[in-house]
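Structure first, commentary second.
Chains as they are written, first to last, in the numbering used here: chain B, 138 to 384; chain U, 4 to 561.
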């Protein structure tokens, strides 16, 4: 029976067509996606990889809420001009704790994968309040209300818990102290500041990000997040041979 | 003056049996209760607004049903006709969504020229209303048109009436509730950030329920069919329903922060999440924006042209080719990224192979027009479909081309991608839909023809001009952008800053917004023309194929 003869029979059976479609369409995803979870080399090991602090995670959620990913990628490709423009190309491990990833698909604005500490907090705040104050031809929207909106912290513990449920290794202590840590990270003079570096490592930046000490705003969270982009691990800055040896 | 002739002419609620009316109210009560619980559980969270929205929507629906609850039951004469009320409502909703979606699209386009074209608040800034545009046109316009036409086509090609009258309404109204939750959510700041899968966990769960019922309508109607063979349009509609379900469920796996929180965290992270997302994203294009609309094309194009499909074998090859190859192609969105190279290479290879079934479909459509080209010249409805097939061929070629790794290194992240998407969305999806809607509206409402043939003509040329201007503007800006980003000066440093490339884009962004405006004006003319066709009763004989064969015995389930 020819293939068309077979089809002539198949198209008389609704269930046959349904099973055929499900079978034929499943193969691609099974071959391409399933192994990514099992092949060890898919994501490099980086011993110095740290977690987002509650404040940075809150900032990341604001970044998502405002749709920043629609215009800014966070994925530097392995191309010479991208490395020259934005810094070392992105490694898989750098977005290991990104649920979801924010690699993006469009650069209406520049890539932000390594924007962290490239500009001062003051620049970031001024730029977010009105981008055209610092970059006259910018077409980015203004986000001035971030500075006047208090950051919601009462649900941060629940956020960390949900993150742990999807595989981010937050400890019980981190979860219990989430709201206080968010406050402490933006208020270096407060007694809460110490706990942040204790729990999240010495590399954590503790600064009054929005320039308004004593008050925790969405601007604090946003700038804290932008300043940590590309700085969760140094793996990408190491020579290839050394990075391989880490394993 | 009758403001709602659609509904008053043949009262849609009165067409439901008493039991169906009762069940409809019961379903609305259950969903309203869910909305109430969401609103109560998330008092401090934006989810409460959505809970209230669900509650109010269901309450309105209950009042609407209650108004005609005591209308006399429909006579058994209804079994002699196909059940088209949901298709009618779907067409009207689809046209409402397209006007909203295109208007938002043009608004965001102008925001890239005048960045302060917002209302100051967060809800109106680019990042929040861009997904409103994409969701309104893809899911609002496209989805409603697919539901409406698929139910219409399903009945004609199987010569069977829909199995019951309530489930199609559940699908249509439930689906629109999902769309409403989606677009209002973005403006409230509720989003998963996964492109074309932005709605949050509760909306996603709701869509699964709706989708299962949609699939069951298909299976139940097919089980009652009087044609031994299942027509090719239904293969595509079934692939659309089935694969979209698989993609939707896998890509949206997530853990909500709490049952009273709109926020959830994706089950996957980093590279696995990226691959899952673009497996979803590219196949949303394949099975929502391609398979579904091919189903539309395989029915309406031959019927309007009055010619049988050119080749049965080509349609088999293209159907299974598309179903198999597309699912491998998603990784071409991730060339040169941290995704393992072997997956990128597979994605590129299959994207190239995809050209074969794609052109088989486009060629099959155009060759079907052989012998009917005079109709294409004279009838803008058929011309919409012809141009759609041409754009389908062009954008699938462009897609395969852009999936080549070295081409992608230039095109990715630039406006070229945006231009490519719109060549497909405006040129193919919107054009085949407008053509099909112009064909089906007079048939559904039993009119001799559309209210104004000249308006269809005007719509056609506005749509074509708008699409061409848009696509050329984005080709220019995208390629210039890509070249500027990679140009080195003689001293071996990058020649242009990012801001330099931004300044170079401005004229093209103006042209793009202008092209979009033309397309929007065309869409408004179309909506007006359809509205007037419905309002002005010019009764015509039912189309020959519109009556099912006389019933021999009571059908199961009735």
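Even for Gly, the Cβ is constructed at its ideal location relative to N, Cα and C.
Taking the C-alpha atoms as reference points, what is the distance between residue i and residue j?
i: residue 240/B; j: residue 198/B; result: 15 Å
i: residue 93/U; j: residue 355/B; result: 41 Å
i: residue 349/B; j: residue 284/B; result: 9 Å
i: residue 387/U; j: residue 71/U; result: 39 Å
i: residue 606/U; j: residue 149/U; result: Nothing can be reported for residue 606/U, as the shown portion of chain U is limited to 4 through 561.
i: residue 520/U; j: residue 391/U; result: 20 Å
i: residue 272/U; j: residue 229/B; result: 10 Å
i: residue 305/U; j: residue 232/U; result: 18 Å
i: residue 177/U; j: residue 67/U; result: 15 Å
i: residue 258/U; j: residue 193/U; result: 15 Å
i: residue 192/B; j: residue 305/B; result: 16 Å
i: residue 300/U; j: residue 22/U; result: 36 Å
i: residue 119/U; j: residue 132/U; result: 14 Å
i: residue 36/U; j: residue 243/U; result: 31 Å
i: residue 212/U; j: residue 432/U; result: 26 Å
i: residue 265/B; j: residue 117/U; result: 17 Å
i: residue 316/B; j: residue 196/B; result: 13 Å
For residue i, which option in the options has the closest C-alpha, if you only look at C-alpha atoms?
i: residue 484/U; options: 511/U, 425/U and 472/U; result: 511/U
i: residue 171/U; options: 121/U, 331/U, 90/U and 188/U; result: 90/U
i: residue 221/U; options: 265/U, 174/U and 204/U; result: 174/U
i: residue 130/U; options: 432/U, 112/U and 517/U; result: 112/U
i: residue 199/U; options: 55/U, 120/U and 247/U; result: 247/U
i: residue 153/U; options: 494/U, 206/U and 237/U; result: 237/U
i: residue 76/U; options: 106/U, 87/U and 16/U; result: 16/U
i: residue 470/U; options: 107/U, 487/U and 518/U; result: 518/U
i: residue 330/U; options: 176/B, 329/B and 161/B; result: 161/B
i: residue 546/U; options: 540/U, 493/U and 450/U; result: 450/U
i: residue 146/U; options: 513/U, 436/U, 262/U and 83/U; result: 436/U
i: residue 428/U; options: 104/U, 410/U and 278/U; result: 104/U
i: residue 570/U; options: 263/B, 244/B, 278/B and 270/B; result: Shown here, chain U extends from 4 to 561; a query on residue 570/U therefore has no answer.
i: residue 527/U; options: 462/U, 54/U and 399/U; result: 462/U
i: residue 214/B; options: 497/U, 514/U, 523/U and 408/U; result: 408/U
i: residue 41/U; options: 51/U, 289/U and 34/U; result: 51/U
i: residue 322/B; options: 273/B, 357/B and 366/B; result: 357/B
i: residue 396/U; options: 352/U, 64/U and 369/U; result: 369/U
i: residue 263/U; options: 45/U, 95/U and 81/U; result: 45/U
Measuring CB to CB, does residue i end up less than 8 Å from residue j?
i: residue 425/U; j: residue 474/U; result: yes
i: residue 49/U; j: residue 191/U; result: yes
i: residue 453/U; j: residue 348/U; result: no
i: residue 377/U; j: residue 336/U; result: no
i: residue 225/B; j: residue 340/B; result: no
i: residue 288/B; j: residue 363/B; result: no
i: residue 186/U; j: residue 135/U; result: yes
i: residue 446/U; j: residue 382/U; result: no
i: residue 309/U; j: residue 375/U; result: yes
i: residue 346/B; j: residue 218/B; result: no
i: residue 341/U; j: residue 274/U; result: yes
i: residue 276/B; j: residue 505/U; result: yes
i: residue 321/U; j: residue 287/U; result: no
i: residue 422/U; j: residue 394/U; result: no
If you run the structure through DSSP and keep just helix, strand and coil, what is residue i?
i: residue 560/U; result: Since pLDDT at residue 560/U reaches only 37, below the 50 mark, its modelled position is unreliable, and the value read off the structure follows with that caveat. Looking at residue 560/U - three-state DSSP - the assignment turns out to be coil, as it is neither helix nor strand.
i: residue 259/U; result: strand
i: residue 19/U; result: coil
i: residue 354/B; result: strand
i: residue 269/U; result: strand
i: residue 80/U; result: helix
i: residue 158/U; result: helix
i: residue 276/U; result: helix
i: residue 58/U; result: helix
i: residue 38/U; result: helix
i: residue 368/B; result: coil
i: residue 360/U; result: helix
i: residue 205/B; result: helix
i: residue 309/U; result: coil
i: residue 621/U; result: Since the first and last residues shown for chain U are 4 and 561, residue 621/U lies out of range.
i: residue 421/U; result: helix
Considering only DSSP beta bridges, list what residue i is partnered with.
i: residue 243/B; result: 416/U
i: residue 497/U; result: 491/U
i: residue 287/B; result: 354/B
Given 7 Å as the limit, tell me if residue i has its C-beta closer than that to any heavy atom belonging to the ligand HEM.
i: residue 511/U; result: As for the ligand HEM, it is missing from this structure, which has no ligand bound.
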